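**Q**
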Amino acid sequence: MTQMNQILVVEDEVVIRTALKRLLERQEYEVSEAGTVKESLEKYDMEDFDVIISDLRLPGAPGTDLIKASSTPVLIMTSYSSIRSAIDSMKMGAVDYIAKPFEHNEIIESVAKAIREHAKSTPNDKPAADEIEPPVHGMIGSCPQMMELFRRIRKVALTSSTVLINGESGTGKELVVRAIHNLSNRLDKEMISVNCAAIPENLIESELFGHEKGAFTGATATRTGLVEAANGSTLFLDEIGELPLHAQARLLRVLQESEIRKVGSVQSTKVDVRLVAATHRNLKRLVADGEFREDLYYRINVMTLLIPPLRDRGNDILELADVILQRTCKRLKTAQLKYSNAAIRAIAEYRWPGNVRELENTIERAVVLAETTEIGEELLAIDGEVAKTDSAHDATELPASKPVEELSLEDYFQRFVLEHQDIMNETQLAKKLGISRKCLWERRQRFGIPRRKKH
Ligand SMILES: Nc1ncnc2c1ncn2[C@@H]1O[C@H](COP(=O)(O)OP(=O)(O)OP(=O)(O)O)[C@@H](O)[C@H]1O
Ligand SMILES: [Mg+2]
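Each residue of the sequence shown is one higher than the last, beginning at 32 in this note's numbering.
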């Protein structure tokens, strides 16, 4: 009989702990549970486990206290929307971190990896902390979704798989593509970028694939296409949803056979190109409408990176607003400006349909127009019509629609929770505040407004 691997799950939230236990048991692990560090140490011998999975923030001591308790590898879970705490955990010797909410596959992979590596490694053989820094220089984000995105960028960059990047306009698709290229082993050769929407339909095939002399009127010389120019490097096809159907057929062939045939040529040449494609459109819908080839869709949908819209990134919005303001003031050589509280609130509540690009433009306009060192709400000229709270059928509106008074975000949070907790459940509250339930719980603890017991 083979011995089952033993895992200890330390998590104070019973729902998460139970879900995790079930998930791991389905993978044939034997799972023990504890709610705190203290309970773990009292109940079990840490050396008996192959892996410990612990939440970072626990009542009493933090999960990282378990790292030094034994030589057993510790995976730290964190929902605390700060990459700092994840980095700190790694520095303290955690073998990996898992951002909550986690994906099942990810947790299973991390556990398997920790067991595998622990079996063969020396105790000091820990991954370097900088492996979990944001992979893109200047790309800001520490909410769980962005951390997950960074993690995936890092993973996928090392492979040659085709990547599809999906995100609304202005979410940072181009930054992500650059990161993938720069982290890959193709970085020595310049990436070739093509905006499929910007090239006239009748020229796109010869632009991309090249043509033979005389292939069509005007083809006075043989020409190498952009795909061939990207040989040994990365080809970035921006707005791939706009690629005409006939060009899609040729592209499919390149992907299937790693060969390229110029327009008007019978010969093909081998190419080694890594394709990264981006679109703000729903390709699946384009497939359903007959505008995008289904076979090509499956070819490029090997690995999809979804960039969340800015409005879903929680506190990242304010972090971005601060950094962009600093940068803009420097660039425009003005004094260092600040936001008024009302401006901060307006930024946090607006929907940002144009995402980070719109935020950049809004801030630049405000900096240019500012006459004092404070940027007031009116300078942002944010259209209140499209404020974040758009669901008309909801019973409550955020206090945004009430007369504006000076409130810090923390006051705002507290007041909102106090005013609405009797009529909204935790899920509704979290949704309205644009944060996860776990994050709501954590803030309740931090601000001393624990959940009321139902009576
Ligand atoms: N997370 C981020 N941190 C800092 N700057 C960002 C971030 N995301 C985007 N930006 C900035 O926002 C602007 C828009 O980003 P980018 O061009 O990559 O978006 P996009 O998704 O390609 O947009 P589009 O769909 O319009 O092509 C750029 O100036 C970029 O530097
Ligand atoms: Mg772009």
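The C-beta atom is built at its ideal place from N, Cα and C for all residues, glycine as well.
On a predicted model such as this, the values are computed, not experimentally measured, just so you know.
Taking the beta strand (DSSP E) that I107 falls in, what are its first and last residues?
**A** Position 76 of the sequence shown, counted from the first residue, corresponds to residue 107. It spans V105 to T109 - the beta strand (DSSP E) in which I107 sits, taken as one unbroken run.
**Q** In whole angstroms, what is the alpha-carbon distance linking E380 and Q476?
**A** Position 349 of the sequence shown, counted from the start, is the residue given in the question as residue 380. Position 445 of the sequence shown, counted from the start, is the residue given in the question as residue 476. Cα to Cα, E380 sits roughly 23 Å from Q476.
**Q** Checking 8 Å against the spacing of the C-beta atoms, do E259 and T193 come in under that value?
**A** Counting from one through the sequence shown, the residue named residue 259 turns up at place 228. Counting from one through the sequence shown, the residue named residue 193 turns up at place 162. No, they are not a contact pair.
**Q** DSSP state of E290, grouped into three classes?
**A** By 1-based counting over the sequence shown, the position of residue 290 is 259. Residue state, collapsed to three classes: strand.
**Q** On the three-state DSSP scale, how would you describe Q279?
**A** Sequence index remark: in the sequence shown, residue 279 carries index 248 (1-based). Residue state, collapsed to three classes: helix.
**Q** Would DSSP call K244 helix, strand or coil?
**A** Position 213 of the sequence shown, counted from the first residue, corresponds to residue 244. If DSSP states are grouped into helix, strand and coil, K244 belongs with coil.
**Q** DSSP three-state label for S224, please.
**A** Position 193 of the sequence shown holds residue 224. Strand, per DSSP.
**Q** Using a 10 Å radius around the Cβ and a threshold of 16 neighbouring Cβ atoms, would you call L189 buried or exposed?
**A** By 1-based counting over the sequence shown, the position of residue 189 is 158. Under this definition L189 is an exposed residue.
**Q** One question on the structure: do E270 and A319 come within less than 8 Å of each other, judged by their Cβ atoms?
**A** Here residue 270 refers to the residue found at position 239 of the sequence shown. Here residue 319 refers to the residue found at position 288 of the sequence shown. Result no, Cβ atoms of E270 and A319 do not sit closer than 8 Å.
**Q** If the criterion is Cβ atoms closer than 8 Å, does the pair A308 and L195 meet it?
**A** Here residue 308 corresponds to residue number 277 of the sequence shown, with the count starting at 1. Here residue 195 corresponds to residue number 164 of the sequence shown, with the count starting at 1. Yes, the Cβ-Cβ distance between A308 and L195 is below 8 Å.
**Q** Using a Cβ-Cβ cutoff of less than 7 Å, which residues in the same chain neighbour A426 once the five nearest sequence positions on both sides are dropped?
**A** Translated into the one-based positions of the sequence shown, residue 426 becomes position 395. Unreliable placement is indicated for A426, whose pLDDT of 34 sits below 50; no coordinate value is reported for it.
**Q** Indicate the three-state DSSP secondary structure (helix, strand or coil) for Q37 in the structure shown.
**A** Taking the sequence shown and counting its residues from 1, the one referred to as residue 37 is at position 6. In the structure shown, Q37 sits in a strand (DSSP, three-state: E or B).
**Q** Given that a residue counts as buried once 16 or more other Cβ atoms are within 10 Å of its Cβ, and exposed if not, what is S173?
**A** Position 142 of the sequence shown, counting from 1, holds the residue named residue 173. That one is buried.
**Q** With distances taken Cα to Cα, identify the nearest neighbour of S371 among L411, A100 and I348.
**A** Residue 371 sits at position 340 when you count from the first residue of the sequence shown. For S371, the nearest C-alpha among the options comes from L411.
**Q** With a threshold of 7 Å, establish whether the CB of E389 neighbours any heavy atom of ligand 2.
**A** Taking the sequence shown and counting its residues from 1, the one referred to as residue 389 is at position 358. Not under cutoff, so the answer is no.
**Q** What are the boundary residues of the alpha helix (DSSP H) that includes D347?
**A** The residue you call residue 347 lines up with position 316 of the sequence shown. That run of the alpha helix (DSSP H) goes D347 to R362.
**Q** So, with DSSP's three-state summary, where would you put A145?
**A** In the sequence shown, counting from the first residue as 1, residue 145 sits at position 114. Three-state DSSP puts A145 in a helix.
**Q** Keeping to the same chain, check which residues put their C-beta closer than 8 Å to that of T458; ignore five residues upstream and five downstream.
**A** Taking the first residue of the sequence shown as 1, we reach residue 458 at position 427. R468, listed in sequence order.
**Q** What residue ranges within the region 37-78 form continuous beta strand (DSSP E) runs of no fewer than 3 residues, ordered along the chain?
**A** Segments of the beta strand (DSSP E) lying fully in the region 37-78: 37-41 and 61-65.
**Q** Spell out the partners DSSP gives E12 in its beta bridges.
**A** In the structure as shown, the chain starts at 32 and stops at 486, and residue 12 therefore has no counterpart that could be examined.
**Q** Less than 7 Å separating the Cβ of E273 from some heavy atom of ligand 2?
**A** Sequence index remark: in the sequence shown, residue 273 carries index 242 (1-based). Incorrect: E273 has no Cβ contact closer than 7 Å to ligand 2.
**Q** Short check: CB of I355 to CB of L400, under 8 Å?
**A** Within the sequence shown, the letter at position 324 stands for residue 355. Within the sequence shown, the letter at position 369 stands for residue 400. No, the pair does not count as a contact, with Cβ atoms beyond the cut-off.
**Q** Does DSSP put D320 in a helix, in a strand, or in coil?
**A** In the sequence shown, counting from the first residue as 1, residue 320 sits at position 289. Coil, per DSSP.
**Q** Name the DSSP bridge partner or partners of F267?
**A** Within the sequence shown, numbered from 1, the residue matching residue 267 stands at position 236. Looking at the DSSP assignment, F267 forms a beta bridge with S224 and V307.
**Q** With a threshold of 7 Å (Cβ to nearest heavy atom), would I171 be considered close to ligand 1?
**A** Mapped onto the sequence shown, residue 171 falls at position 140. Yes - ligand 1 has a heavy atom lying nearer than 7 Å to the Cβ of I171.
**Q** State yes or no: is the C-beta of G263 nearer than 7 Å to some heavy atom of ligand 1?
**A** Working through the sequence shown from its first residue, we reach residue 263 at position 232. Not so, every heavy atom of ligand 1 lies at least 7 Å from the Cβ.
**Q** When the Cα of K293 is compared with those of N216, L234, G201 and K69, which residue comes out closest?
**A** In the sequence shown, the residue the question calls residue 293 occupies position 262. Comparing Cα positions, the closest option is L234.
**Q** Given this structure, state the Cα-to-Cα distance separating T359 from M222, to the nearest angstrom.
**A** Within the sequence shown, residue 359 is the residue found at index 328, counting from 1. Within the sequence shown, residue 222 is the residue found at index 191, counting from 1. Roughly 28 Å between the two C-alpha positions.
**Q** Should E500 go down as buried or exposed, given a rule of 16 or more other Cβ atoms within 10 Å for buried?
**A** With the chain represented from 32 up to 486, any question about residue 500 goes unanswered, as that position is not in the structure.
**Q** Identify the continuous alpha helix (DSSP H) that holds N392 and give its terminal residues.
**A** As a position in the sequence shown, residue 392 is number 361, starting the count at 1. Counting along the chain, the alpha helix (DSSP H) containing N392 begins and ends at N386 to L400.
**Q** Select from E232, V187, G203 and S200 the residue whose C-alpha is nearest the C-alpha of I211.
**A** Counted from its first residue, the sequence shown places residue 211 at position 180. Considering only alpha carbons, the answer is V187.
**Q** Along the chain, where does the beta strand (DSSP E) containing A130 start, and where does it finish?
**A** Against the sequence shown, residue 130 aligns to sequence position 99. Segment D127 to A130, the beta strand (DSSP E) holding A130.
**Q** Taking the CB atoms as reference points, tell me whether F267 and V225 lie closer together than 8 Å.
**A** Counting from 1 along the sequence shown, the entry for residue 267 is found at position 236. Counting from 1 along the sequence shown, the entry for residue 225 is found at position 194. The answer is yes: Cβ separation under 8 Å.
**Q** Could you check which residue in E450, N197, L97 and E73 has the C-alpha nearest to that of I30?
**A** Because the chain is modelled from 32 through 486, residue 30 falls outside the range shown and cannot be assessed.
**Q** Do you know offhand how far L97's Cα is from N136's?
**A** Sequence index remark: in the sequence shown, residue 97 carries index 66 (1-based). Sequence index remark: in the sequence shown, residue 136 carries index 105 (1-based). Taking the straight line from one Cα to the other gives about 24 Å.
**Q** In the DSSP output, which residue or residues are listed as bridge partners for I84?
**A** Residue mapping note: residue 84 aligns to position 53 of the sequence shown, counting from 1. Answer by DSSP bridge pairing, in chain order: V40 and L106.
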